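Student: When you read off a place in the sequence shown, starting at 1, and then add 8, the result is the number in the working numbering.
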Amino acid sequence: MTSTALPRLRPALLLVTAITAAACGPGKLADAARTDAPTAHDALDDDAAPAPSCGGAPTYGEPLVIDLPSKQRMDLELAMRKGVPVVRFDCGELQLLQDCSLDGGFEYAGVSLKEDVVVLRNRDEVRANLPISGATIAASLERGNSLQLALAMIGKQSTTLREATPAQLRGQCDGATHFVRAAVVGAFALERASDAAVLAAAEIFGAGVGAASKAGRESTMRDGKLDDCRAATPAAAAPPGQCATSIRLELMPVTGKRSEATDETASSRLDPCPSGYKLSAGKCTTLPVEAFACNPNDKPECLAQCEKGNAESCVDAALPDWSAPVADRLPIETSAALFERACTGGAARGCTGLAALYESGAGGKGPDIARATASFEKGCAGGDPEACVTLASRLAHRSPDAKDRWPRDDSRATQLFQRACDLGREDSCFLVASRYFKGEGTKKDLPRGVAVMRRGCDGGNAKRCTELGLLLLGAMGGGKEFAAIEDLASGLALLERTCTALDSHSACLTLASLLSKGTKKLPANEARAKALFDRTCPSQQEPGMCDRVGKQLSGG
């Protein structure tokens, strides 16, 4: 197995190797007379301290990858073009398994610009948040120094895959723990400061900063231009050239078996920090000095952290606790205020929650569709696919009472369904595919419909994958125009993969039924049909289909 280790880097590698062709080298010290500022050698001492204990591989992670060397960054980007990369990950190590992958692909979706400054104040924070070279950097972090990381985030590359099992892995996958669910893209700049002052993002990027103000600071690494990021829009089809680097990955675990999770149930906030750490001010830390992201199941903690300024905690505080007695639940007015605070603070889920309250007229004020629309749009622009697909459904009049309250807008509905799909909502991919097939809100485009449906299938919906396989085999009807998109080899491969990798009894028996007699274009293969029947029917999960296919195979 070939693996690309994302290693603890040697000093020369960090100082000389650019993150990309546009990356800048280390900045000069503004004041050569200062002796307390860290030198380049001190900044990246080769004597690495031991990494903090992870307590096992985390179930979910959002590691920063700003310190990827150029070769490893290229390997990651190539892997994302070919499929879904698989990695070995714990809070002290991130390693790409080059010969292992999952079926699927990535699409870009822009979001509203978010500028952040993450301050890593001690060695534990450096190691926990920079799993690639954090141990090396942490070894030389002196008392009174901090690493200050400016981030400008403008979008995501996302796959629709929510979960994966070992059966879905392809290649040599020993040691696989996680797959890449998404990559946050934008620009970054990292400085080491010898004082406790927290700099603004523009200062760290170097916009309008003079030599005097740079005293005691060392530019360690950077990639991209802040001005390019500020010019990006959520509607852009691709990130601008100088604001397109991968900053942070979203990693999901490879699990023993598939769950019953859906797009809706999988949309809650996940904790990216290892045991013993809290998510605070954009980093995992054991000593949060600012507001931190609460445990969603701890309402008092969520209310307290919301009050301190953590926007995501405001969302979790506002969401109804259905297990609590009605008398103990928050009043609607309080929930609305919390959602509004979250939305204003940059939590897209808060905008979505606020929109739902405006739509329902909760609190006795009556429905306010204009404000609901604006809040759904803001949540969608902020990167919450739930906001996109909900507003799209309303504008397409998919809900029973939507036509009585919402103006119909098929064109905007199609755009929003597509955006939700690009953000990783597999169910929205199937909804927008149907619109491309029918020409609803857009011109009819069968090849694009197939491509979008395939993206949805990559998310692991066995029923929809089976439908796509039948469509490619020409077994779904549709008339002559659909004959142009038939692809027998792809259809067969998709049904086989859905049968085996997704363990879909329905897909196995659907394929067995087709192969038992064959079609005008698909030759019969009774041996394979019988093998599929024998694989599936002892389980007794599809008795009706088993009976029908069994009769076909016996000539009945």
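All residues carry an ideal CB built from backbone N, CA and C; glycine is no exception. What you are looking at is a predicted structure, and each value in this text was computed from that prediction instead of being measured.
Which whole runs of the alpha helix (DSSP H) in the segment 79 to 166 are 4 residues long or more, in chain order?
Tutor: DSSP runs (the alpha helix (DSSP H)) wholly in the segment 79 to 166: 131 to 137, 142 to 146.
Student: What are the boundary residues of the alpha helix (DSSP H) that includes E534?
Tutor: For the purposes of this step, residue 534 is taken as residue 526 along the sequence shown, with counting starting at 1. Counting along the chain, the alpha helix (DSSP H) containing E534 begins and ends at 534 to 544.
Student: With contact counted as at least three CB pairs below 8 Å, one residue from each stretch, are the segment 293 to 301 and the segment 110 to 118 in contact?
Tutor: As far as the Cβ criterion goes, the segment 293 to 301 does not touch the segment 110 to 118, which means the pair count is below three.
Student: Quick one: Cα of E550 to Cα of H513, how far?
Tutor: As a first step, residue 550 must be located in the sequence shown, where it is residue number 542. As a first step, residue 513 must be located in the sequence shown, where it is residue number 505. One C-alpha to the other measures close to 7 Å.
Student: Compare the Cα-Cα distances from E367 to each of C359, A355, T360, A380 and report the closest residue.
Tutor: By one-based count along the sequence shown, residue 367 stands at place 359. Among C359, A355, T360, A380, the Cα nearest to that of E367 belongs to A380.
Student: For my contact list, V119 and P280 are in at a C-beta cut-off of 8 Å; report their separation, rounded to the angstrom.
Tutor: Taking the first residue of the sequence shown as position 1, residue 119 is located at position 111. Taking the first residue of the sequence shown as position 1, residue 280 is located at position 272. The Cβ separation is near 18 Å, so there is no contact.
Student: Return the CA-CA distance between L72 and R266, expressed in angstroms with no decimal places.
Tutor: The residue labelled residue 72 in the question sits at position 64 within the sequence shown. The residue labelled residue 266 in the question sits at position 258 within the sequence shown. In a straight line, the C-alpha of L72 is about 28 Å away from that of R266.
Student: Mind checking which residues open and close the beta strand (DSSP E) that includes L257?
Tutor: To locate residue 257, count along the sequence shown from 1; it is residue 249. L257 -> beta strand (DSSP E) spans 253 to 261.
Student: On the three-state DSSP scale, how would you describe E199?
Tutor: Sequence index remark: in the sequence shown, residue 199 carries index 191 (1-based). Strand.
Student: To which residues of the same chain is A160 closer than 6 Å at the C-beta, ignoring the five residues directly before and after it?
Tutor: By 1-based counting over the sequence shown, the position of residue 160 is 152. These residues qualify, in order along the chain: E123, G194, A195, L234, C237.
Student: If you draw a straight line from the alpha carbon of C554 to that of L517, how long is it in whole angstroms?
Tutor: Taking the sequence shown and counting its residues from 1, one reaches residue 554 at position 546. Taking the sequence shown and counting its residues from 1, one reaches residue 517 at position 509. Going from the Cα of C554 to the Cα of L517 covers about 7 Å.
Student: Just to confirm, is the Cβ distance from G361 to A319 under 7 Å?
Tutor: As a position in the sequence shown, residue 361 is number 353, starting the count at 1. As a position in the sequence shown, residue 319 is number 311, starting the count at 1. Cβ atoms of G361 and A319: not closer than 7 Å.
Student: Hey, I74 and M229 are a contact pair by Cβ (cut 8 Å); roughly how many whole angstroms apart?
Tutor: To locate residue 74, count along the sequence shown from 1; it is residue 66. To locate residue 229, count along the sequence shown from 1; it is residue 221. At roughly 7 Å, the Cβ-Cβ gap stays under 8 Å, so I74 and M229 are in contact.
Student: For G432, verify whether its CB is less than 6 Å away from any heavy atom of the ligand COA.
Tutor: The ligand content of the structure shown is nil, which means the ligand COA is not present either.
Student: Report the option in L403, A356, D306, A239 whose CA atom is closest to the CA atom of A378.
Tutor: Numbered from its first residue, the sequence shown carries residue 378 at position 370. Of the candidates L403, A356, D306, A239, the one whose C-alpha sits nearest the C-alpha of A378 is L403.
Student: Around the Cβ of R89, are there at least 16 other Cβ atoms within 10 angstroms (buried) or fewer (exposed)?
Tutor: Position 81 of the sequence shown holds residue 89. Exposed, by the Cβ-count rule.
Student: Going by CA-CA distance only, name the one from I212, L169, K164 that's closest to P247.
Tutor: Position 239 of the sequence shown, counting from 1, holds the residue named residue 247. Nearest of I212, L169, K164 to P247, Cα basis: K164.
Student: Could you name the residues that DSSP lists as bridge partners for D231?
Tutor: On the sequence shown, position 223 is the one that residue 231 refers to. In the DSSP output, where bridge partners are listed per residue, D231 has F196.
Student: Please classify A150 as buried or exposed, where buried requires at least 16 other C-beta atoms within 10 Å of its C-beta.
Tutor: For the purposes of this step, residue 150 is identified with residue 142 of the sequence shown, where counting begins at 1. Rather than Ala, the amino acid found at residue 150 in this sequence is Glu. That one is exposed.
Student: What is the DSSP secondary structure of K451, counted as helix, strand or coil?
Tutor: Numbered from its first residue, the sequence shown carries residue 451 at position 443. Three-state DSSP puts K451 in coil, outside helix and strand.
Student: Could you give the first and the last residue of the continuous beta strand (DSSP E) run that contains S436?
Tutor: Looking up residue 436 in the sequence shown gives position 428. Unbroken run through S436 is the alpha helix (DSSP H), 434 to 446; no beta strand (DSSP E).
Student: Have a look at S407 and A421 and give me their C-alpha separation to the nearest angstrom.
Tutor: If you number the sequence shown from 1, residue 407 lands on position 399. If you number the sequence shown from 1, residue 421 lands on position 413. Rounded to the nearest angstrom, the two C-alpha atoms are 13 Å apart.
Student: How far does the alpha helix (DSSP H) with C322 in it extend, from its first residue to its last?
Tutor: Here residue 322 refers to the residue found at position 314 when the sequence shown is read from its first residue. Note, C322: alpha helix (DSSP H), 319 to 326.
Student: Enumerate in chain order the residues of its own chain whose CB-to-CB distance from A356 is below 6 Å, with the five nearest sequence positions on each side excluded.
Tutor: The sequence position of residue 356 within the sequence shown is 348, counting from 1. The residues are G387, G390, G391, D392.
Student: How should R416 be labelled, buried or exposed, when 16 other C-beta atoms within 10 angstroms of its C-beta is the threshold for buried?
Tutor: Counting from one through the sequence shown, the residue named residue 416 turns up at place 408. Classification of R416: exposed, given that the 10 Å Cβ count is below 16.
Student: Compute the distance between the beta-carbons of F187 and M260, then report whether it is under 7 Å.
Tutor: What you label residue 187 is simply residue 179 of the sequence shown in a count that begins at 1. What you label residue 260 is simply residue 252 of the sequence shown in a count that begins at 1. The answer is yes: Cβ separation under 7 Å.
Student: Where does G69 fall in DSSP's three states?
Tutor: Translated into the one-based positions of the sequence shown, residue 69 becomes position 61. In this structure, G69 counts as strand in the three-state DSSP scheme.
Student: Assuming R505 and L523 are in contact, meaning their beta carbons sit under 8 Å apart, how far apart are those beta carbons, in whole angstroms?
Tutor: Translated into positions along the sequence shown, residue 505 becomes position 497. Translated into positions along the sequence shown, residue 523 becomes position 515. Incorrect: roughly 15 Å between the Cβ atoms, too far for contact.
Student: So which of L128, G499, R189 has the shortest CA-CA distance to T67?
Tutor: By one-based count along the sequence shown, residue 67 stands at place 59. It is R189.
Student: For G552 and A345, what's the separation of their Cα atoms in angstroms?
Tutor: As a first step, residue 552 is located in the sequence shown; it is residue number 544 there, counting from the start. As a first step, residue 345 is located in the sequence shown; it is residue number 337 there, counting from the start. Approximately 52 Å, taken between the alpha carbons.
Student: Can you list the alpha helix (DSSP H) stretches of 4 or more residues lying completely in the segment 392 to 436, in chain order?
Tutor: The qualifying runs are 393 to 403, 410 to 413, 418 to 430.
Student: What do you reckon, are the CB atoms on L169 and V92 nearer than 7 Å?
Tutor: As a first step, residue 169 is located in the sequence shown; it is residue number 161 there, counting from the start. As a first step, residue 92 is located in the sequence shown; it is residue number 84 there, counting from the start. The answer is yes: Cβ separation under 7 Å.
Student: Is it right to say T43 is buried, meaning 16 or more other beta carbons lie within 10 angstroms of its own, or is it exposed?
Tutor: Here residue 43 refers to the residue found at position 35 when the sequence shown is read from its first residue. At T43 the pLDDT is 31, less than 50, meaning the model places this residue with poor confidence; the figure from the coordinates comes in the next sentence. Counting Cβ neighbours within 10 Å, T43 comes out exposed, since fewer than 16 surround it.
Student: Quick check on K307: buried or exposed, where buried means 16 or more other Cβ atoms within 10 Å of its Cβ?
Tutor: Taking the first residue of the sequence shown as position 1, residue 307 is located at position 299. The residue is buried, with at least 16 neighbouring Cβ atoms inside 10 Å.
Student: Once you ignore the five residues that flank S547 on each side, which residues in its own chain have a CB closer than 7 Å to its CB?
Tutor: Indexing the sequence shown from 1 puts residue 547 at position 539. Closer than 7 Å at Cβ, skipping near neighbours: H513.
Student: How would you label A497, buried or exposed, when you count the other beta carbons within 10 angstroms and need 16 or more for buried?
Tutor: Working through the sequence shown from its first residue, we reach residue 497 at position 489. The residue in question, A497, is exposed, as its Cβ has fewer than 16 Cβ neighbours within 10 Å.
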